[in-house]
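First the structure, in the form of structure tokens, and then the observations on it.
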Amino acid sequence: MIKIGLLGLGTVGSGVYSILEKHSENLKSKIGTGLQIEKILVRDVSRQRDIDFDSGLLTDKAEDILDNPEIHLVVELIGGEEPAYQYILKALNNGKSVVTANKLLIAKYGQELMKLAAEKGVSLYFEASVAGGIPIIRPLRESFAANKIERIYGILNGTTNYILTKMTGEGQDLETALKEAQRLGYAESDPGSDISGADAAYKIAILSSLAYETVIDINDVHIEGIENIEPEDIEIARELGYLIKLLAISKFTADGVDIRVHPAFIPENHPLASVSDAYNAIYLHGDSVGDVMLYGQGAGRLPTASAVVADIIQAGKEIYYGSPDINGDIYKNVHKVMDISQVENSFYLRLQVKDKPGVLAKIAEVLGKNQVSLASVIQKHRQNPVVPIVLVTHQVKEENLQKSIAGFKNIGEIVAVNNIIRVEEL
Ligand SMILES: NC(=O)c1ccc[n+]([C@@H]2O[C@H](COP(=O)([O-])OP(=O)(O)OC[C@H]3O[C@@H](n4cnc5c(N)ncnc54)[C@H](OP(=O)(O)O)[C@@H]3O)[C@@H](O)[C@H]2O)c1
Numbered sequence: 000m001i002k003i004g005l006l007g008l009g010t011v012g013s014g015v016y017s018i019l020e021k022h023s024e025n026l027k028s029k030i031g032t033g034l035q036i037e038k039i040l041v042r043d044v045s046r047q048r049d050i051d052f053d054s055g056l057l058t059d060k061a062e063d064i065l066d067n068p069e070i071h072l073v074v075e076l077i078g079g080e081e082p083a084y085q086y087i088l089k090a091l092n093n094g095k096s097v098v099t100a101n102k103l104l105i106a107k108y109g110q111e112l113m114k115l116a117a118e119k120g121v122s123l124y125f126e127a128s129v130a131g132g133i134p135i136i137r138p139l140r141e142s143f144a145a146n147k148i149e150r151i152y153g154i155l156n157g158t159t160n161y162i163l164t165k166m167t168g169e170g171q172d173l174e175t176a177l178k179e180a181q182r183l184g185y186a187e188s189d190p191g192s193d194i195s196g197a198d199a200a201y202k203i204a205i206l207s208s209l210a211y212e213t214v215i216d217i218n219d220v221h222i223e224g225i226e227n228i229e230p231e232d233i234e235i236a237r238e239l240g241y242l243i244k245l246l247a248i249s250k251f252t253a254d255g256v257d258i259r260v261h262p263a264f265i266p267e268n269h270p271l272a273s274v275s276d277a278y279n280a281i282y283l284h285g286d287s288v289g290d291v292m293l294y295g296q297g298a299g300r301l302p303t304a305s306a307v308v309a310d311i312i313q314a315g316k317e318i319y320y321g322s323p324d325i326n327g328d329i330y331k332n333v334h335k336v337m338d339i340s341q342v343e344n345s346f347y348l349r350l351q352v353k354d355k356p357g358v359l360a361k362i363a364e365v366l367g368k369n370q371v372s373l374a375s376v377i378q379k380h381r382q383n384p385v386v387p388i389v390l391v392t393h394q395v396k397e398e399n400l401q402k403s404i405a406g407f408k409n410i411g412e413i414v415a416v417n418n419i420i421r422v423e424e425l
């Protein structure tokens, strides 16, 4: 019998409890022995909970689990940095395998925790930390092991994908779409880290670390959120044959790892363009397998619990058969991360200019000086006395584009640079 200590009985913890109860016989036959939840740590043992469970299992003392020699496997579903980090350290140090869904901890301390697990001869699994129910961690470590992964594009945040879908399909503004996402339970009451792109950045950092077997410092990931996307940008994107998505991008290049999260124009006929509402997807390219897309629910009680239970089965087998997951240093390479100023992209620029002759020539001169060439120029309907102008550049180094934007300050006819969005041809 494998004895489990559950840290947390919230959204995901209660889903894990339910699946372990519902599928206990099936899981037993998969592992070779049964799984038993021995104790559950929560903050408030007296709180009413909306699942049927044995309340005698609850404790508010972490040591009841972490120092309990009967418990083989600790499943961390508290979230956040502390005390979750200290609890995982203690569990590993006490010779217990750990399963976690905590993206922040894995992005920040993945290497240290994996090393500690290996030293202690136990396993650490984190399938649910990226893209909820979509299996991507084990595929990256095992199924795609015969490949050099060259690029990963992810739609890794359900809240922002839901908002952009509503802005695109129903012409809603960001605020209205966000309120609806919160009403439906897709967005947290504080959606800051979703909207800002930080949540997706942790996830792409984890995927890149595994794909390139290196440590990616989250502080090196260039992050922009969807705060500035306006209905006008979405409408113009559609006219040009694109959709706007919050993309998490990671490319292995000769100049380093190009890793970033930002809104991007993507071609409307690309498979990622069909990923709508709160769904997530990962589209990657390996040198042997070619293009692969994985699609599914990136969050939610049961989809996330499905990934956690998959890890529990794996860890349970290893405990039962006495063969922990010791597969070398998965962060063994050193690769630098490219500075965003050196990354090349094509860009969409939406400007407002005074309706005067010669203004386009002045803009073209500034762009030309900075080696920025234009793929298209669109003048939208006049809104006297200003005219909205849309420019789409060819591929250009980001620093040259930024120099051009700085140069625009000397053109008195430019009233505003409303938005700048990268165009990813994928
Ligand atoms: N929700 C999702 O869809 C989803 C998707 C992917 C990954 N994840 C990850 O899964 C993890 C859990 O998320 P969740 O949504 O299930 O969180 P949640 O609903 O807020 O549940 C957190 C649980 O941890 C307990 N807890 C919190 N702080 C504690 C502390 N200091 N000591 C003891 N217990 C504490 C809470 O106790 P009380 O019940 O007493 O308050 C609660 O049971 C996070 O790492 C999250 O990023 C979640």
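Per numbering that gives the first Met the number 0, the very first residue in the sequence shown carries number 0; after that it's consecutive. Here a beta-carbon is modelled for each residue, glycine too, at the ideal position from N, C-alpha and C.
Rounded to the nearest angstrom, what separates glutamine 341 and glutamine 181 at their Cα positions? Locating residue 341 in the sequence shown gives position 342, counting from the first residue. Locating residue 181 in the sequence shown gives position 182, counting from the first residue. Between glutamine 341 and glutamine 181, the C-alpha separation is close to 37 angstroms.
Using only alpha-carbon positions, find the residue among Gln351, Ile215, Ala304 that is nearest to valine 74. One-based indexing of the sequence shown puts residue 74 at position 75. Of the candidates Gln351, Ile215, Ala304, the one whose C-alpha sits nearest the C-alpha of valine 74 is Ala304.
Express the C-alpha separation of valine 97 and leucine 112 in angstroms, rounding to a whole number. Numbered from its first residue, the sequence shown carries residue 112 at position 113. Numbered from its first residue, the sequence shown carries residue 97 at position 98. Approximately 10 angstroms between the Cα atoms of the pair.
Just list the residues that DSSP pairs histidine 478 with in beta bridges. Residue numbering for the chain in the displayed model covers 0 to 425; residue 478 lies beyond these limits and cannot be assessed.
For glutamine 85, which of helix, strand or coil comes out of DSSP? One-based indexing of the sequence shown puts residue 85 at position 86. The answer is helix: DSSP assigns glutamine 85 an H, G or I state.
Where asparagine 156 falls: helix, strand or coil (DSSP): Walking along the sequence shown from the start, residue 156 turns up at place 157. DSSP places asparagine 156 in coil when its eight states are reduced to three.
Are the beta-carbon atoms of leucine 65 and lysine 102 separated by less than 7 angstroms? Position 66 of the sequence shown, counted from the start, is the residue given in the question as residue 65. Position 103 of the sequence shown, counted from the start, is the residue given in the question as residue 102. Cβ atoms of leucine 65 and lysine 102: not closer than 7 angstroms.
Rounded separation between leucine 239 and lysine 21 - CA only: On the sequence shown, residue 239 is found 240 positions in, with the first residue counted as 1. On the sequence shown, residue 21 is found 22 positions in, with the first residue counted as 1. Their backbone Cα atoms lie some 50 angstroms apart in a straight line.
What did DSSP end up calling glutamate 364 once you bin it into helix, strand or coil? The count along the sequence shown starts at 1 and reaches residue 364 at position 365. Reduced to three states, the DSSP call for glutamate 364 is helix.
Rounded to whole angstroms, what is the Cα-Cα separation between glutamate 24 and isoleucine 133? Numbered from 1 along the sequence shown, position 25 holds the residue referred to as residue 24. Numbered from 1 along the sequence shown, position 134 holds the residue referred to as residue 133. Rounded to whole angstroms, glutamate 24 to isoleucine 133 spans 24 angstroms at the Cα level.
Taking the alpha carbon of glutamate 231 as the point to measure from, which residue in Arg349, Val385, Gln378, Ile404 has its own alpha carbon closest? Residue numbering aside, residue 231 sits at position 232 when the sequence shown is read from its first letter. If we check each option's Cα against that of glutamate 231, Arg349 comes out closest.
Inter-residue Cα distance where the pair is leucine 263 and isoleucine 248: Sequence index remark: in the sequence shown, residue 263 carries index 264 (1-based). Sequence index remark: in the sequence shown, residue 248 carries index 249 (1-based). According to the sequence as given, residue 263 is alanine; it is not leucine. For alanine 263 and isoleucine 248, the distance between alpha carbons rounds to 10 angstroms.
Thinking C-beta only, is isoleucine 1 closer than 7 angstroms to glycine 315? Counting from 1 along the sequence shown, the entry for residue 315 is found at position 316. Counting from 1 along the sequence shown, the entry for residue 1 is found at position 2. Closer than 7 angstroms, so yes.
Heavy atom of ligand 1 less than 6 angstroms from the Cβ of isoleucine 77, yes or no? Position 78 of the sequence shown, counting from 1, holds the residue named residue 77. Yes, the beta carbon of isoleucine 77 sits closer than 6 angstroms to at least one heavy atom of ligand 1.
What are the uninterrupted segments assigned as beta strand (DSSP E) that are 3 or more residues long and contained completely in the segment 246-326, given in chain order? 255-266, 278-285, 289-296
Taking the C-alpha atoms as reference points, what is the distance between asparagine 67 and asparagine 160? Working through the sequence shown from its first residue, we reach residue 67 at position 68. Working through the sequence shown from its first residue, we reach residue 160 at position 161. Approximately 42 angstroms, taken between the alpha carbons.
For the alpha helix (DSSP H) holding asparagine 399, just list the boundary residues, first then last. Along the sequence shown, one-based indexing puts residue 399 at 400. Run containing asparagine 399: 397-407, per the alpha helix (DSSP H) assignment.
Residue burial classification, glycine 12 (beta-carbon count within 10 angstroms, cutoff 16): Within the sequence shown, residue 12 is the residue found at index 13, counting from 1. So glycine 12 counts as buried.
Taking 6 angstroms as the cut-off, is the C-beta of threonine 159 nearer than that to any heavy atom in ligand 1? On the sequence shown, residue 159 is found 160 positions in, with the first residue counted as 1. The answer is no for threonine 159.
For histidine 269, tell me which candidate among Tyr319, Tyr152, Thr252 has the shortest Cα-Cα distance. The count along the sequence shown starts at 1 and reaches residue 269 at position 270. Among Tyr319, Tyr152, Thr252, the Cα nearest to that of histidine 269 belongs to Tyr152.
From the DSSP output, in three-state form, read off glutamate 231 for me. Residue mapping note: residue 231 aligns to position 232 of the sequence shown, counting from 1. Helix, per DSSP.
Classify isoleucine 420 as helix, strand or coil using the three-state DSSP reduction. Working through the sequence shown from its first residue, we reach residue 420 at position 421. In this structure, isoleucine 420 counts as strand in the three-state DSSP scheme.
Under 8 angstroms: do the segment 162-172 and the segment 279-286 share three or more Cβ pairs, one atom per stretch? no
Indicate whether the contact test is met: 3 or more Cβ pairs, each with one atom in the segment 329-341 and one in the segment 203-214, closer than 8 angstroms. yes
So, with DSSP's three-state summary, where would you put glycine 168? If you number the sequence shown from 1, residue 168 lands on position 169. Looking at glycine 168 - three-state DSSP - the assignment turns out to be helix.
Looking at the strands, I want to know which residues DSSP matches up with tyrosine 185. For the purposes of this step, residue 185 is identified with residue 186 of the sequence shown, where counting begins at 1. Tyrosine 185 pairs with nothing; no bridge assigned.
List the endpoints of the continuous beta strand (DSSP E) containing valine 74. Position 75 of the sequence shown, counted from the start, is the residue given in the question as residue 74. 72-75 is the span of the beta strand (DSSP E), which, as asked, contains valine 74.
Can the beta-carbon of glutamate 223 be found less than 7 angstroms from the beta-carbon of histidine 261? As a first step, residue 223 is located in the sequence shown; it is residue number 224 there, counting from the start. As a first step, residue 261 is located in the sequence shown; it is residue number 262 there, counting from the start. Yes; because the gap between Cβ atoms is below 7 angstroms, this pair is in contact.
Using the beta-carbon count (16 or more within 10 Å), is histidine 380 buried or exposed? Along the sequence shown, read from residue 1 onward, the residue named residue 380 stands at position 381. That one is exposed.
Beta-carbon within less than 8 angstroms of asparagine 92's beta-carbon, same chain only, minus the 5 sequence neighbours each way: which residues are those? In the sequence shown, the residue the question calls residue 92 occupies position 93. Leu115, Lys119.
Tell me where the alpha helix (DSSP H) around glutamate 69 begins and ends. In the sequence shown, counting from the first residue as 1, residue 69 sits at position 70. Note, glutamate 69: premise wrong, no alpha helix (DSSP H); not H, not E.
Ignoring anything shorter than 3 residues or poking outside the segment 102-154, list the beta strand (DSSP E) runs there in chain order. 148-154
Beta-carbon separation (whole angstroms), leucine 34 vs leucine 57, contact threshold 8 angstroms: Taking the sequence shown and counting its residues from 1, one reaches residue 34 at position 35. Taking the sequence shown and counting its residues from 1, one reaches residue 57 at position 58. Not confirmed; about 18 angstroms, so no contact.
Beta-carbon gap between aspartate 274 and isoleucine 154 smaller than 7 angstroms: On the sequence shown, residue 274 is found 275 positions in, with the first residue counted as 1. On the sequence shown, residue 154 is found 155 positions in, with the first residue counted as 1. Per the sequence presented here, residue 274 reads as valine, with aspartate not at that position. Taking 7 angstroms as the Cβ cut-off, valine 274 and isoleucine 154 qualify as a contacting pair.
Beta strand (DSSP E) segment containing isoleucine 377, residue limits: Taking the first residue of the sequence shown as position 1, residue 377 is located at position 378. Taken as a continuous stretch (DSSP letters only), the beta strand (DSSP E) holding isoleucine 377 covers 373-378.
Sequence-distant residues of its chain with Cβ nearer than 6 angstroms to isoleucine 77 (five each side left out): The residue labelled residue 77 in the question sits at position 78 within the sequence shown. The residues are Leu6, Gly7, Ala83.
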